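Note that our numbering has the sequence shown beginning at 113, numbered continuously upward. For glycine and all other residues, C-beta sits at the position ideal for the given N, C-alpha and C. All of these numbers come straight from a predicted model, not from anything done at the bench. Everything on this sheet refers to the single structure shown next.
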Amino acid sequence: MKTLKIFLRDCRANMRNFLSLWILIVPVIIAAIINMATPGITDSFLSIAMLEDTRDDKVSFYQQYANVELFDHIEQVEKRIMSRDFCFGVLPDDIDGYYILAQGNEPQTMVDAIKLLKAYEEKGEEPSGDVSFTDFGRTASPLKSTLITGLLILVTILSGMLISLGIVDEKSDKTIRAMKVTPVSTTSYIIGKSMIGVVYTLVCGLAILFVSDYFTGNVLQIFIVLIASSFISLIVGFLVGLTSEDFIEAAGNVKLIMIPAIIPVLVTELAPDKWHFLTWWSPFYWGYDAVKGLLNQTVSLNRVLVNGSIIIFIACIIYIILLPKVRQKLK
């Protein structure tokens, strides 16, 4: 009950702080921007919109070389063409022919391809060559999964910032000293202050996955990894909050945590696999590896559990090292 009261007080305090509101909202906004800006895995393929009453032989011809979508009305075709990806319309004109309708910003290679297909179809010829496609079962852009994974790892760091801001707020109000004369133990205080970070990780992570269209059956496994990763940020958030005198100083100190979080991401994405061992010391490496694999659906539950166990092990070491300093600062 005491820990719950501490948590509710933190919630009310964060609602009054602009920086806390920024931390709560901005990651979700960034996720929405990533979802709109990054192309889908099929956006580089040729897509064609046609009317339902188009001759079957014409539709069958284009289906051999492009992704064909059929619509009932021309207005629906125009709406499809104006969407964020590249799509061409092949529509009937007034003289028993067909014309190409485009948005105008398509790559020239795609424009040439649709013109070539239309010319072959009108002449009754088949393009030379035989092309087949094999996919790896991925339905999302690799760039999108990388950005969303990095954003989720960032959320675990921001959870520590929320805790530090709450402690700084209590220090400025001089209410943290009241703990010495209250029945609240140091352990209860730490648990109560940590709840805001864990809840933030869950809620913000859920919102990011929903906005970015990654809300799949792997959500529970992703949360396991994120919560494990946030343990380190929680204890560091305590240390930063207790050593900072104002919000600006706390925000600046938490930014230092981003350095060991960014390094594993850069090494994972840019360096060969043989160099990844250099970042095994960082729990963010194991968190990034597990979350990205879950988003791409390329890792098993056993891999997630192994990565989560390693994260918790590293977190326990950091907890043992930093907890005495936290207890000392609380006194």
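When we look at the beta-carbon of residue i and count the other beta-carbons within 10 Å, is it buried (16 or more) or exposed?
i	result
Arg116	It is Leu, not Arg, that sits at residue 116 in the sequence shown. That one is exposed.
Met273	buried
Ile207	exposed
Thr258	buried
Ile137	exposed
Val189	buried
Ser341	buried
Gly524	Residue 524 lies beyond the stretch modelled for the chain, which goes from 113 to 443, so this question has no answer here.
Asp122	buried
Phe248	A caution first: Phe248 carries a pLDDT of 46, below 50, which makes its placement in the model too unreliable to give a value.
Val323	buried
Val377	buried
Phe389	exposed
Leu120	exposed
Thr154	With a pLDDT of 48 at Thr154, under the threshold of 50, the modelled position of that residue is not reliable, and the figure given next carries that caveat. Thr154 is exposed by the Cβ-count criterion.
Please confirm whether residue i and residue j have their CB atoms less than 8 Å apart.
i	j	result
Val331	Leu321	yes
Thr299	Ser271	no
Val267	Pro395	no
Leu158	Asn179	yes
Phe359	Val311	no
Leu406	Ile308	no
Gly349	Ile275	yes
Val223	Tyr210	no
Ala161	Cys199	yes
Phe327	Glu233	no
Ile432	Tyr301	no
Asn129	Leu277	yes
Thr391	Ile375	yes
Arg192	Glu181	yes
Whose C-alpha, out of the options, is nearest the C-alpha of residue i?
i	options	result
Glu282	Ser257, Thr355, Leu158	Thr355
Lys367	Val352, Ile212, Cys428	Val352
Leu213	Gly236, Tyr232, Glu187	Glu187
Asp325	Ala143, Arg124, Ile118	Ala143
Val403	Arg121, Tyr301, Ile423, Asp385	Ile423
Gln176	Leu131, Cys316, Ile226	Ile226
Trp398	Gly278, Arg439, Ile426, Leu228	Ile426
Asp197	His185, Leu182, Pro219	Pro219
Val171	Ile135, Lys230, Leu131, Leu120	Lys230
Arg439	Pro254, Ser297, Ala383	Ser297
My assumption, with CB atoms under 8 Å, is that residue i sits in contact with residue j. Please give the rounded CB distance.
i	j	result
Val411	Ile336	Not confirmed; about 12 Å, so no contact.
Leu434	Ile369	12 Å between Cβ atoms; not a contact.
Ile265	Ala362	So it is not a contact: roughly 20 Å between Cβ atoms.
Ile146	Lys256	6 Å
Ile269	Ser345	5 Å
Enumerate in chain order the residues of its own chain whose CB-to-CB distance from residue i is below 7 Å, with the five nearest sequence positions on each side excluded.
i	result
Asp401	Thr380, Asn419
Ala319	Val140
Leu413	Gln333
Lys437	Leu351
Thr261	Tyr400, Val403, Lys404, Leu407
Asp184	Glu164
Ile303	Thr115
Val243	With a pLDDT of 44 at Val243, under the threshold of 50, the modelled position of this residue cannot be trusted; read the value that follows with caution. Correct list: empty, nothing qualifies.
Ile135	Leu270, Met273, Leu274
Leu131	Leu277, Phe359, Ala363
Among the residues of its own chain, which have a CB less than 6 Å from the CB of residue i, if the five just before and after it don't count?
i	result
Ala204	The question names Ala, but residue 204 is Pro in the sequence shown. For Pro204, where only same-chain residues beyond five positions count, the Cβ hits under 6 Å are Tyr210.
Phe245	Note that Phe245 scores 42 on pLDDT, short of 50, meaning its location in the model is unreliable; the coordinates nonetheless yield the value given after this. There are no such residues.
Glu357	none
Ile429	none
Lys236	Contrary to the premise, residue 236 reads as Gly rather than Lys in this sequence. None.
Whose C-beta lies closer than 8 Å to the C-beta of residue i among residues of the same chain, with five residues either side of it excluded?
i	result
Met127	Leu133
Trp387	Val379
Should residue i be flagged as near chain D, meaning a C-beta pair shorter than 8 Å?
i	result
Gly317	Structure shown: chain D not included; a single protein chain is present.
Any heavy atom of the ligand ADP closer than 7 Å to the Cβ of residue i?
i	result
Asn217	The model on display carries no ligand, and the ligand ADP is accordingly not part of it.
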